[in-house]
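The next block holds one structure in the form of structure tokens; read it before the comments.
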Amino acid sequence: MLSAGLAEAVALDGLVWLVLAAFLAGLIRGFSGFGSAMVFLPVAGQFVSPIWALSILAVMDLFGPLPLLRAASKKVVATDLIRLIAAMLLVLPLALWVLSRSEPILFRYLVSGLTLALLALLLSGLRLPANLPKPLLYMVGAISGATGGLAGLPGPPVIFYFMASPYAADRVRANTLIYLFSFDVLILMVMILGAYLQFVPILIGLMLAAPIALGNLAGAKIFNPEYEKIYRIIAFCLIAFSAIHSLPIWE
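Residue numbering for the sequence shown follows this note's numbering, beginning at 231 and increasing consecutively.
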């Protein structure tokens, strides 16, 4: 079983592109704290099914942020994360069930559309109050569970909240990194319970763990809060290119 699975994984059409996308996704997350799914999924959606794409991303993402978790945990806003994760977990199983019954092309449009919508919101310069009402924070988590299960993008609602809030760049980076790591753990648990997880995408995810981890380390190495605006511009440009280039209309 292992040898057959490895053979199928290595023979996957587009594996080289997935390796490059994994490294770039890690690089973006390393210096911004977000963006790995928004870079990787538009590429992965061109070569594998939606459930496989989410499985690969979740597996490789378990390893990519590991070198950064200890430092990030010292800067998180724990109360915000608990509320967000609790609400996300309530919605995620239903959203994943809907995705498993959807057409792959709809997944690709949804991923690119949500990615570009987030960029538009962030570029608008909209700022949120520092202390949002608790019900609204739960709503952000629930929306994240929906977008995470349907498109593999739990980040956009939460990223918008943290980046549009008055939090400093290093705290935004820490909060989003810990939240997205928590999502990866939980979506794998839901996939196991729902019998969505298959052997080959697990192997591919393990193969991509090294490039995304290297990308994370490289991104963290070059991160400097003094250059926050430059990092955001670079991240936005790379994410926009990935989303636009991966739209099915170009085929």
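Positions of the beta carbon are idealized from the N, C-alpha and C atoms, including for glycine.
At 4 residues or longer, what runs of the alpha helix (DSSP H) sit wholly inside the segment 251-335? 266-274, 280-293, 296-303, 308-329, all fully within the segment 251-335.
If you draw a straight line from the alpha carbon of residue 322 to that of residue 382, how long is it in whole angstroms? Whole-angstrom Cα-Cα distance: 10 Å.
Let me confirm a value: residue 377 is counted as buried when at least 16 other C-beta atoms fall within 10 Å, else exposed. Which label applies? Residue 377 should be labelled buried.
C-alpha gap between residue 432 and residue 303, whole angstroms: In this model, residue 432 and residue 303 are separated by some 27 Å (Cα to Cα).
Near residue 313, which residues of its chain fall below 8 Å by C-beta distance, leaving aside the five closest residues on each side in sequence? Non-local beta-carbon contacts of residue 313 in its own chain, meaning distances under 8 Å to residues more than five positions away in sequence, involve 364, 367, 368, 371 in chain order.
Quick check on residue 454: does DSSP put it in helix, strand or coil? Of the three classes helix, strand and coil, the one that applies to residue 454 here is coil, per DSSP.
Please classify residue 382: does DSSP put it in a helix, a strand, or coil? The answer is coil: DSSP assigns residue 382 none of H, G, I, E or B.
Between residue 415 and residue 299, is the Cβ-Cβ spacing less than 8 Å? Taking 8 Å as the cut-off, the beta carbon of residue 415 is found no closer than this to the beta carbon of residue 299.
Residue 335 to residue 315, Cα distance in whole Å? Spanning the two alpha carbons is a distance of roughly 29 Å.
Taking the CB atoms as reference points, tell me whether residue 448 and residue 260 lie closer together than 8 Å. Yes, the Cβ-Cβ distance between residue 448 and residue 260 is below 8 Å.
Using only the alpha-carbon positions, how far apart do residue 426 and residue 281 sit? Straight through space, the alpha carbons of residue 281 and residue 426 are spaced by roughly 7 Å.
Would you be able to state if there are at least three C-beta pairs under 8 Å between the segment 434-449 and the segment 245-262? The segment 245-262 vs the segment 434-449: in contact.
Near residue 420, which residues of its chain fall below 7 Å by C-beta distance, leaving aside the five closest residues on each side in sequence? Excluding sequence neighbours, residue 420 sits near 322, 323, 326.
By the 10 Å Cβ neighbour count, where 16 or more other Cβ atoms means buried, how is residue 407 classified, buried or exposed? Classification of residue 407: buried, given that the 10 Å Cβ count is 16 or more.
Between the Cα of residue 374 and the Cα atoms of 475, 353, 412, 404, which residue gives the shortest distance? Among 475, 353, 412, 404, the Cα nearest to that of residue 374 belongs to 412.
Thinking residue 252 and residue 438 are a contact (beta carbons under 8 Å), I'd like their distance in whole angstroms, please. Right, their Cβ atoms sit about 4 Å apart.
With C-beta atoms as the reference, is residue 273 less than 8 Å away from residue 248? For residue 273 and residue 248, yes; Cβs fall inside 8 Å.
Thinking residue 469 and residue 269 are a contact (beta carbons under 8 Å), I'd like their distance in whole angstroms, please. 6 Å between Cβ atoms; contact.
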